[in-house]
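J.: Residue numbers (our numbering), protein chains in the order written: chain A, 4 to 102; chain B, 51 to 215.
The structure follows.
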Amino acid sequence: MLLAVLSGGPLHGYGVTEELRRRSGGEFDLAEGTIYPALHRLESSGLLVSRWEVVGGRRRRVYALSSSGQRAVVDRRASWRAFRCAVDTVFGGEALEAG
Amino acid sequence: MDTPDPIDAYLRALKRELRVQGRARRRILAEVRAHLLDAVEAEQSRRAEEGVAAQRAVVRFGLAAETARQFNCLAGRRRAVLRRALVPWIAAVALTSTATATVWAFHAGPAPPRQALAHPAVRHGCVQRAVAFSPVRAQRDVPRASFPTAPRTRAVCGVRHANAR
């Protein structure tokens, strides 16, 4: 999800949490501290790159997708679609049985 | 911008709990601080007072101990990966060094003659004296004609020569 949020463009940590909340319509209201270890882990894996930038007079660490991160977003979107399709089919089947 | 008190307290707690050192530690603390200040600004833009805004920002960020635990886990995993990568290298370097030292030992020159090894200084374990009588000193003090051999042999024979005098 963090990769998908960053596919819209580079963001700093607070921006990532805000965008995640906005895109999910407030469903993903996580403890904000949990996203930083995740961002660091994705950076260690080479899916993200980051650098310090001064935004609004304050230094912020800005994260962006690396080229392998962009490929990972495409792959994960495809596998999520396949998974969602399968789940929809299963639930659709249950709904049919219940009906 | 001054750091409001709840944020200061939070950062102190995080510092206490973090088991990450150096640049990574400074980076984590700077990122968390910037995030909390952003959150305070956002709360203030929704008309919250500064103290309340800071308190809300801290609550939304989650417990310092939990945040630190996640960073500590990540650092632990990195250290483990580094160890796994380094151990074979260290073993390879140690093995190569041992092999090289062994080869050098066998190619250092001919063994001293039997009569030199039979000298009392050597037999009675006066190793320090034999070592002190280095090949350089042997070259200088022991007449070359007396011991027309390699410097190492001359050093051992030199012990005998010096004791005889």
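Note that the Cβ used here is the ideal one computed from N, Cα and C, for glycine as well.
These figures come from a predicted structure and were not determined experimentally.
Beta-carbon separation of residue 110 of chain B and residue 89 of chain B under 8 Å?
T.: Indexing the second sequence from 1 puts residue 110 of chain B at position 60. Indexing the second sequence from 1 puts residue 89 of chain B at position 39. Result yes, Cβ atoms of residue 110 of chain B and residue 89 of chain B sit closer than 8 Å.
J.: Check the Cβ of residue 148 of chain B against every Cβ in chain A and list those closer than 8 Å, keeping chain order.
T.: Here residue 148 of chain B refers to the residue found at position 98 when the second sequence is read from its first residue. Those within 8 Å of residue 148 of chain B in chain A number zero; the least Cβ separation is about 35 Å.
J.: Can you tell me whether residue 58 of chain B is helix, strand or coil according to DSSP?
T.: Position 8 of the second sequence, counted from the first residue, corresponds to residue 58 of chain B. In the three-state DSSP reduction, residue 58 of chain B falls in the helix class (H, G or I).
J.: Let me see if you follow: with CB-CB separation under 8 Å, is residue 47 of chain A close to chain B or not?
T.: For the purposes of this step, residue 47 of chain A is taken as the residue at position 44 of the first sequence. By this cut-off, residue 47 of chain A is an interface position.
J.: Helix, strand or coil for residue 56 of chain A, going by three-state DSSP, please let me know.
T.: For this step, residue 56 of chain A is matched to residue 53 along the first sequence. DSSP places residue 56 of chain A in strand when its eight states are reduced to three.
J.: Can we say the region 24-31 of chain A touches the region 94-108 of chain B, given the rule of at least three CB pairs closer than 8 Å?
T.: no
J.: What did DSSP end up calling residue 93 of chain A once you bin it into helix, strand or coil?
T.: One-based indexing of the first sequence puts residue 93 of chain A at position 90. Reduced to three states, the DSSP call for residue 93 of chain A is helix.
J.: Is it buried or exposed for residue 127 of chain B, if we count other Cβ within 10 angstroms and need 16 for buried?
T.: If you number the second sequence from 1, residue 127 of chain B lands on position 77. That one is exposed.
J.: How far does the beta strand (DSSP E) with residue 62 of chain A in it reach, from first residue to last?
T.: Taking the first residue of the first sequence as position 1, residue 62 of chain A is located at position 59. DSSP places residue 62 of chain A in the uninterrupted beta strand (DSSP E) bounded by 61-68.
J.: Can you find a CB in chain A that lies within less than 8 Å of the CB of residue 111 of chain B?
T.: Working through the second sequence from its first residue, we reach residue 111 of chain B at position 61. At least one chain A Cβ lies under 8 Å of residue 111 of chain B.
J.: Report the neighbours of residue 88 of chain B on chain A: residues whose CB is nearer than 7 Å to its CB, in chain order.
T.: Your numbering for residue 88 of chain B matches position 38 in the second sequence. What residue 88 of chain B touches in chain A: 17.
J.: What's the gap between the Cα of residue 103 of chain A and the Cα of residue 75 of chain A?
T.: Nothing in the structure corresponds to residue 103 of chain A, since chain A is present only between 4 and 102.
J.: With 7 Å as the limit, tell me which residues of the region 23-45 of chain A have their beta carbon closer than that to any beta carbon of chain B; keep them in chain order.
T.: 34, 35, 36, 37, 39, 40, 43, 44
J.: Which of the residues in the region 62-83 of chain B, read from start to end, lie with their CB under 8 Å from any CB of chain A?
T.: 77, 78, 80, 81, 82
J.: Determine the direct distance from the alpha carbon of residue 17 of chain A to that of residue 23 of chain A, and round the result to whole angstroms.
T.: Taking the first sequence and counting its residues from 1, one reaches residue 23 of chain A at position 20. Taking the first sequence and counting its residues from 1, one reaches residue 17 of chain A at position 14. If you take the alpha carbons of residue 23 of chain A and residue 17 of chain A, they lie about 10 Å apart.
J.: Please report the straight-line C-alpha distance between residue 91 of chain A and residue 85 of chain A, rounded to a whole angstrom.
T.: Indexing the first sequence from 1 puts residue 91 of chain A at position 88. Indexing the first sequence from 1 puts residue 85 of chain A at position 82. Taking the straight line from one Cα to the other gives about 10 Å.
J.: Take the Cβ of residue 11 of chain A as the centre, count every other Cβ of all protein chains shown within 10 Å, and call the residue buried at 16 or more, exposed below.
T.: As a first step, residue 11 of chain A must be located in the first sequence, where it is residue number 8. That one is exposed.
J.: Among all the DSSP beta bridges, which residues are the ones paired with residue 14 of chain A?
T.: Translated into the one-based positions of the first sequence, residue 14 of chain A becomes position 11. According to DSSP, residue 14 of chain A bridges with A:66.
J.: What separation, rounded to the nearest whole angstrom, lies between the Cα atoms of residue 45 of chain A and residue 51 of chain A?
T.: As a working mapping, residue 45 of chain A is identified with position 42 in the first sequence. As a working mapping, residue 51 of chain A is identified with position 48 in the first sequence. Rounded to whole angstroms, residue 45 of chain A to residue 51 of chain A spans 6 Å at the Cα level.
J.: Return the bridge partner residues of residue 107 of chain A from the DSSP annotation.
T.: Past the boundaries of the shown model lies residue 107 of chain A; chain A is included only from 4 to 102, so the question cannot be answered.
J.: Would you say residue 117 of chain B and residue 64 of chain B are within 8 Å of each other, going by their C-beta atoms?
T.: Working through the second sequence from its first residue, we reach residue 117 of chain B at position 67. Working through the second sequence from its first residue, we reach residue 64 of chain B at position 14. Cβ atoms of residue 117 of chain B and residue 64 of chain B: closer than 8 Å.
J.: In this structure, does DSSP put residue 86 of chain A in helix, strand or coil?
T.: As a working note, residue 86 of chain A is residue 83 in the first sequence. Of the three classes helix, strand and coil, the one that applies to residue 86 of chain A here is helix, per DSSP.
J.: What's the C-alpha gap between residue 132 of chain B and residue 57 of chain B?
T.: Translated into the one-based positions of the second sequence, residue 132 of chain B becomes position 82. Translated into the one-based positions of the second sequence, residue 57 of chain B becomes position 7. Those two C-alpha atoms are separated by around 34 Å.
J.: Classify residue 81 of chain B: buried if its beta carbon has 16 or more other beta carbons within 10 angstroms, exposed otherwise.
T.: Along the second sequence, one-based indexing puts residue 81 of chain B at 31. It counts as buried.
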